[in-house]
Amino acid sequence: MTFRGFSTLRAGLPYAGVLIEFCWLFPWVLLLTGAFYGGVAAPLLGSWTALGLMVLGFVTVRWVLARPWPISTARVAVVAAGFTAGLASVKLTYYPQFAAWDLRWALLLLRAAHDALPELTPPVVGALMAALLWWRGIVLGEREFSHFEIDRQYRRGVAWSIFFVLLYAIYGDTRGFALAQVAPTYLLAFFSFGLTALAVARLIGIWQETLADEDQALVMNRHWLLLLLGVVGLILSLAMAVSGIVSVEFRPMLLLVFRPLEPVLEFVFYLVFVVAMVIARVILLVISRLPFRGGLADRPAVTPPSFAELFKDLPPQVVSSARWGMVLAIVALLVLLVALAVVRARRRQKKRDEDERESVWSAEELLGGLGAMWRKFLSRFRVPQRVHEGPGVGAIRAIYRELLRVGAAAGIPRFGHETPDEYQPRLSQYLPNHVEEVGALTGIYIQVRYAGHQATEEDVRTSQDGLARIKQSARDRPVNP
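Each residue of the sequence shown is one higher than the one before, counting from 2 in our numbering.
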């Protein structure tokens with residue numbers, strides 16, 4: 002395998018992701034068709050049409066993101082391309098009798114959208130399905146495909162496929178699965194393409210990691226490639242062998258497999274229904290306790306009116322305007338989804354282009370900060386414990402309060418925003434002969450008040466002597482105006 006060969010495989014890996022997504026998604030399109038319209042002749046959108054919409058959306062968003070366009074231009078381009086592709090798919094599916102330049106089919110589609118309620122017509126649902134498939138193509142186009150992305154996509158498809166198989170085994174004889182008889186073929190294709198894409202993506206990853214030494218690269222070993230080809234060939238052979246009998250033999254085989262699990266499935270469904278009934282009864286109980294006007298509870302139950310009965314008293318212009326408003330709202334919602342997908346894709350592209358930065362945020366620090374905030378909030382409601390203070394601490398604080406009274410009596414009060422260190426120079430200017438005593442009293446008070454220092458008897462005696470000298474000097478000085 003050459004460098005060019007692996008480059009080709011790596012370039013085709015994203016398209017394999019689109020194909021994997023389509024293979025498990027299209028059976029749900031068949032189920033939706035049967036649920037809405039029973040045993041019709043064709044699905045809402047053909048398989049090639051649905052695949053083309055997803056691939057075209059995928060290619061369009063990647064092509065637009067590769068251009069140095071502003072985000073507004075990119076959104077308009079993707080929305081316009083999706084609008085054109087969706088209308089073209091609806092026209093080819095439901096209005097093939099009209100020429101491409103004959104716009105009568107567009108008028109018929111608008112009229113069908115206007116008359117969507119109370120019955121949804123196939124062209125309207127097909128147009129919605131086309132928009133959703135286009136949106137899925139855009140979502141896939143914004144991703145960077147690697148082994149991990151293919152693995153995540155494959156796991157998601159496996160979950161939805163298993164859920165579909167369970168529904169098919171239980172309700173396969175209902176009208177919802179009238180067109181889903183060919184769904185197992187798509188599911189087998191999903192598993193085949195998915196496993197193939199996983200193997201190829203993994204081999205590409207190994208090749209990229211060991212490219213510096215091609216002799217040691219496992220991907221260059223022919224046994225790995227032969228093993229890959231053998232596994233893929235076995236899967237494809239199994240798919241081809243089973244697809245010939247899948248339409249008539251698949252569901253009986255499923256019933257035979259799930260028959261031993263029937264009691265377990267019934268018990269699981271029973272638990273689900275019991276929980277649902279309990280929730281419904283609780284909701285009804287809460288609603289019944291709400292205050293209502295008198296007389297409403299005594300009225301007999303009546304059948305809810307139909308849409309035609311609700312709208313018969315309204316002017317036709319009002320009803321028509323409301324219908325057109327509904328159509329515009331749905332179109333606006335679809336356009337918004339596509340625009341948001343383009344914006345998210347552009348942001349991811351910019352994030353890949355920027356240099357990686359080490360984050361200073363961590364979940365542990367966040368949880369620790371929240372816990373500290375919660376503990377601080379709870380501490381507000383706790384009764385503060387009395388801190389044991391020695392006799393010297395209270396004496397020093399009382400001496401400093403006397404010093405503050407001396408300053409206040411002299412017209413030099415301590416302001417509320419001042420600290421002891423800030424107040425000391427102002428008081429020392431008033432008592433220039435006792436600067437050392439004022440500094441000593443301030444220093445011992447700061448140690449006792451803020452540093453937890455336990456004052457000794459010597460500290461108390463020295464502070465009392467200094468305070469006495471300050472008081473004597475303050476009596477002999479005039480008070481500041």
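C-beta atoms are modelled at their ideal positions from N, C-alpha and C, and glycine is treated no differently.
CB-CB under 7 Å to residue i, same chain, minus the five flanking residues each way: which ones, in chain order?
{"i": "Gln448", "result": "His454"}
{"i": "Asp152", "result": "Leu199"}
{"i": "Pro421", "result": "Thr443, Tyr446 and Ile447"}
{"i": "Tyr424", "result": "Arg415"}
{"i": "Arg476", "result": "none"}
{"i": "Gly417", "result": "none"}
{"i": "His224", "result": "Confidence in His224 is poor, its pLDDT being 40 and thus under 50, which makes the residue's placement unreliable; the coordinate value appears in the next sentence. Result list for His224: empty, nothing under 7 Å."}
Does the distance from the CB of residue i to the CB of residue j come in under 8 Å?
{"i": "Gly412", "j": "Leu428", "result": "no"}
{"i": "Ala170", "j": "Pro28", "result": "no"}
{"i": "Leu32", "j": "Gly177", "result": "yes"}
{"i": "Ile471", "j": "Val439", "result": "yes"}
{"i": "Phe194", "j": "Ser162", "result": "no"}
{"i": "Trp135", "j": "Gly87", "result": "yes"}
{"i": "Leu45", "j": "Thr61", "result": "no"}
{"i": "Tyr155", "j": "Ile21", "result": "yes"}
{"i": "Val65", "j": "Gly138", "result": "no"}
{"i": "Leu110", "j": "Ala131", "result": "no"}
{"i": "Gly158", "j": "Arg63", "result": "no"}
{"i": "Gly83", "j": "Gly58", "result": "yes"}
To which residues of the same chain is residue i closer than 6 Å at the C-beta, ignoring the five residues directly before and after it?
{"i": "Pro15", "result": "Phe146"}
{"i": "Trp106", "result": "Lys92, Tyr96 and Phe99"}
{"i": "Arg381", "result": "none"}
{"i": "Pro392", "result": "none"}
{"i": "Arg203", "result": "His148"}
When you compare each of the options to residue i by their alpha carbons, which one comes out closest?
{"i": "Tyr431", "options": "Arg462, Tyr446 and Ser474", "result": "Ser474"}
{"i": "Arg450", "options": "Asn434, Arg462 and Ile400", "result": "Ile400"}
{"i": "Val332", "options": "Val125, Phe23 and Ala452", "result": "Val125"}
{"i": "Ala181", "options": "Val265, Val30, Phe274 and Ile151", "result": "Val30"}
{"i": "Asn434", "options": "Gly467, Ala373, Leu334 and Tyr38", "result": "Gly467"}
{"i": "Thr443", "options": "Gly58, Leu404 and Pro123", "result": "Leu404"}
{"i": "Val394", "options": "Tyr424, Arg376, Ser464 and Leu52", "result": "Ser464"}
{"i": "Gly53", "options": "His418, Val275 and Ser90", "result": "Ser90"}
{"i": "Thr94", "options": "Gly369, Pro123 and Arg376", "result": "Pro123"}
{"i": "Ala469", "options": "Arg406, Arg76, Thr85 and Thr420", "result": "Arg406"}
{"i": "Ala101", "options": "Ala113, Thr85 and Ala373", "result": "Thr85"}
Below 8 Å on the Cβ atoms is my guess for residue i versus residue j; work out the distance and round it to an integer in Å.
{"i": "Ala456", "j": "Ile445", "result": "7 Å"}
{"i": "Gly18", "j": "Ala198", "result": "7 Å"}
{"i": "Phe23", "j": "Ala43", "result": "Wrong, their Cβ atoms sit about 18 Å apart, outside the cutoff."}
Check whether chain C comes within 8 Å of residue i, counting only Cβ atoms and requiring the distance to be less than that.
{"i": "Leu133", "result": "Within the model displayed, chain C is absent; a lone protein chain is all it includes."}
Can you list, in chain order, the residues of its chain with a C-beta nearer than 8 Å to that of residue i? Leave out the 5 residues immediately preceding and following it.
{"i": "Leu121", "result": "Phe37"}
{"i": "Val436", "result": "Ser429"}
{"i": "Arg462", "result": "none"}
{"i": "Pro374", "result": "For clarity, residue 374 is Met in the given sequence; the question names Pro instead. Cβ within range, chain order: n/a, list empty."}
**Prompt:** Could you give the uninterrupted runs of the alpha helix (DSSP H) lying entirely in the segment 26-54, keeping only those of 4 residues or more?
**Reply:** none
**Asked** What alpha helix (DSSP H) runs, 4 residues minimum, are completely inside the segment 79-122?
**Response** Look at the segment 79-122 and you find these whole runs of alpha helix (DSSP H), each 4 residues long or longer: 105-115.
**Item:** Sequence ranges, alpha helix (DSSP H) only - wholly within the segment 404-458, length at least 4
**Value:** For the segment 404-458, the continuous alpha helix (DSSP H) assignments of 4+ residues that do not extend past its boundaries occur at 421-431 and 436-451, in sequence order.
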